[in-house]
């Protein structure tokens with residue numbers, strides 16, 4: 003009976019642990035625990051897929067592993083957490099273990115001891131590369147459309163000027179035709195008068 007109870011207890015403990023692991027792994031984001039010296043203490047499997055297994059990256063500076071830098075990143079949100087004790091967020095670039103450049107959104111949370119001192123920082127890392135690329139593509143398309151619209155407006159303005167010039171030319175031609183028609187009628191009348199005069203002369 004004691005053995006059976008012990009086995010049940012073990013099962014129950016495992017059942018309690020499993021949901022926590024499932025929650026951590028089901029976040030769809032990387033988790034990274036950083037100490038006050040900016041060393042990586044722990045990462046979840048997403049972070050390991052991006053930047054390497056724990057045995058290779060633990061004990062290394064986060065900026066060395068995540069950004070291939072030899073000194074702390076400018077405006078580092080994790081450093082601000084240690085200085086302020088408050089949650090920080092920002093966009094940060096990163097270079098994966100395969101050398102692929104990505105964009106990440108970081109939410110850094112302070113972990114404090116009993117004296118309310120921040121002793122570690124937990125980084126929640128979300129891959130926003132696709133969203134950022136889509137945003138950049140939308141911006142590029144919007145700029146392209148704006149350029150096309152500006153060209154269309156200029157072309158339309160030129161066409162309007164050309165149409166006005168054509169209408170003006172058409173009016174001039176119409177007036178000229180009217181003058182020519184009057185001149186033609188006058189000449190015809192003059193010619194008829196001359197014919198009658200010549201006819202009268204011949205008759206005389």
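Residue numbers (my numbering): 3 to 206. Note that the Cβ used here is the ideal one computed from N, Cα and C, for glycine as well. As the structure is a prediction and not an experimental result, all values here were calculated from the model.
Spatial neighbours of residue i in its chain, beta-carbon cut-off 6 angstroms, leaving aside the 5 residues before and after
i, result
"residue 55", "none"
"residue 134", "105"
"residue 37", "43, 122"
"residue 198", "none"
"residue 203", "none"
"residue 128", "31, 107"
"residue 82", "90"
"residue 110", "79, 80, 83, 90, 123, 125"
Cβ pair residue i, residue j closer than 7 angstroms
i, j, result
"residue 131", "residue 104", "yes"
"residue 108", "residue 79", "yes"
"residue 31", "residue 126", "yes"
"residue 35", "residue 143", "no"
"residue 52", "residue 98", "yes"
Simplified DSSP assignment, three categories, for residue i
i, result
"residue 63", "strand"
"residue 80", "helix"
"residue 103", "strand"
"residue 87", "coil"
"residue 98", "coil"
"residue 38", "coil"
"residue 32", "strand"
"residue 55", "coil"
"residue 159", "helix"
"residue 168", "helix"
"residue 146", "helix"
"residue 73", "coil"
"residue 190", "helix"
"residue 7", "The predicted position of residue 7 is uncertain, since its pLDDT is 30 and thus under 50; no value can be drawn from it."
Bridge partner(s) assigned by DSSP for residue i
i, result
"residue 137", "Looking at the DSSP assignment, residue 137 forms no beta bridge with any residue, so it has no partner."
"residue 110", "90, 125"
"residue 44", "35"
"residue 120", "114"
Cutoff 7 angstroms; reference residue i; Cβ partners in own chain excluding five residues on either side
i, result
"residue 5", "Because residue 5 carries a pLDDT of 32, less than 50, the predicted location of this residue cannot be relied on, and the following value inherits that uncertainty. The answer is none, since no qualifying residue turns up."
"residue 188", "none"
"residue 206", "none"
"residue 173", "none"
Own chain residues within Cβ distance below 8 angstroms of residue i, not counting five before or after
i, result
"residue 193", "none"
"residue 118", "87"
Minimum Cβ-Cβ distance from residue i to chain B less than 7 angstroms
i, result
"residue 196", "Absence of chain B from the displayed structure is noted, only one protein chain being present."
Subject >> Inter-stretch contact (C-beta, 8 angstroms, three-pair minimum) for the region 39-48 and the region 94-106 >> reply: no
Original post:
Quick check: the region 63-70 against the region 109-118, are there 3 or more CB pairs under 8 angstroms?
Top reply: no
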